[in-house]
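Residue numbers (UniProt numbering): 1 to 134. Every residue gets a Cβ at the ideal spot worked out from N, C-alpha and C, and that includes glycine. As the structure is a prediction and not an experimental result, all values here were calculated from the model.
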Amino acid sequence: MSLKNAFAAVLKAMRSGKGLTQRNLAEVSSRTYVSKLERGQSSPTLEMITALSGQLNVNPLTLVAITLCAESGQPVNALLRQTQKELVGLAHDGILQNLTISSGDELLVASPSTSPSSNRSATNALQVEFCFAE
Numbered sequence: 001m002s003l004k005n006a007f008a009a010v011l012k013a014m015r016s017g018k019g020l021t022q023r024n025l026a027e028v029s030s031r032t033y034v035s036k037l038e039r040g041q042s043s044p045t046l047e048m049i050t051a052l053s054g055q056l057n058v059n060p061l062t063l064v065a066i067t068l069c070a071e072s073g074q075p076v077n078a079l080l081r082q083t084q085k086e087l088v089g090l091a092h093d094g095i096l097q098n099l100t101i102s103s104g105d106e107l108l109v110a111s112p113s114t115s116p117s118s119n120r121s122a123t124n125a126l127q128v129e130f131c132f133a134e
């Protein structure tokens, strides 16, 4: 599945799953544009993903992560683990600090235990917040 088609499927599923119409999402763009996105005929900008995410009441990263998983077939948890490892590496290399982004070091360096019950609590504790400033 192409990335455009994956985004189309995810956007439509999330919109309909939340009981929203294309007209509801059209508050951030035109209904025609939302329709084009849902048919895979257009690619959204980062600004549009952020605006649509707001209407869907999810973090933009959630919308992008689900799209990537739909496109690749990769499980969401696998993508999150990969992202967590990459964030740890970026924090270790000082890249996050260079961008003046808080790494939440205590969360990024935490390594989940291998027991199932502590995995759940460790997974819940491993959250990263991205702040985009203009």
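Backbone secondary structure at residue i - three-state DSSP
| i | result |
| --- | --- |
| Ile101 | coil |
| Ser113 | Its pLDDT being 44, under 50, Ser113 is placed unreliably by the model, and the measurement read from it follows with that caveat. Correct three-state label for Ser113: coil. |
| Gly17 | helix |
| residue 219 | Only positions 1 to 134 of the chain appear in this structure, which leaves residue 219 out of reach. |
| Pro60 | helix |
Distance CB(residue i)-CB(residue j) smaller than 8 Å
| i | j | result |
| --- | --- | --- |
| Gln74 | Asn24 | no |
| Pro44 | Ser53 | no |
| Val28 | Ala51 | yes |
| residue 215 | Val76 | Any answer about residue 215 is impossible in this case: the structure gives the chain only from 1 up to 134. |
Nearest candidate by alpha-carbon position, reference residue i, set the options
| i | options | result |
| --- | --- | --- |
| Ser2 | Gly89, Leu37, Asp93, Thr32 | Leu37 |
| Lys18 | Glu27, Asn57, Ser72 | Asn57 |
| Phe7 | Leu52, Ser29, Arg31, Thr67 | Thr67 |
Exposed unless 16 or more other CB atoms sit within 10 angstroms - verdict on residue i
| i | result |
| --- | --- |
| Gln22 | buried |
| Ile95 | exposed |
| Val10 | buried |
| Val34 | buried |
| Gln97 | exposed |
| Arg39 | exposed |
| Gln84 | buried |
| Leu87 | buried |
Any non-hydrogen atom of the ligand ADP closer than 7 Å to residue i Cβ
| i | result |
| --- | --- |
| Leu87 | Of ligands this structure carries none, so the ligand ADP is not represented either. |
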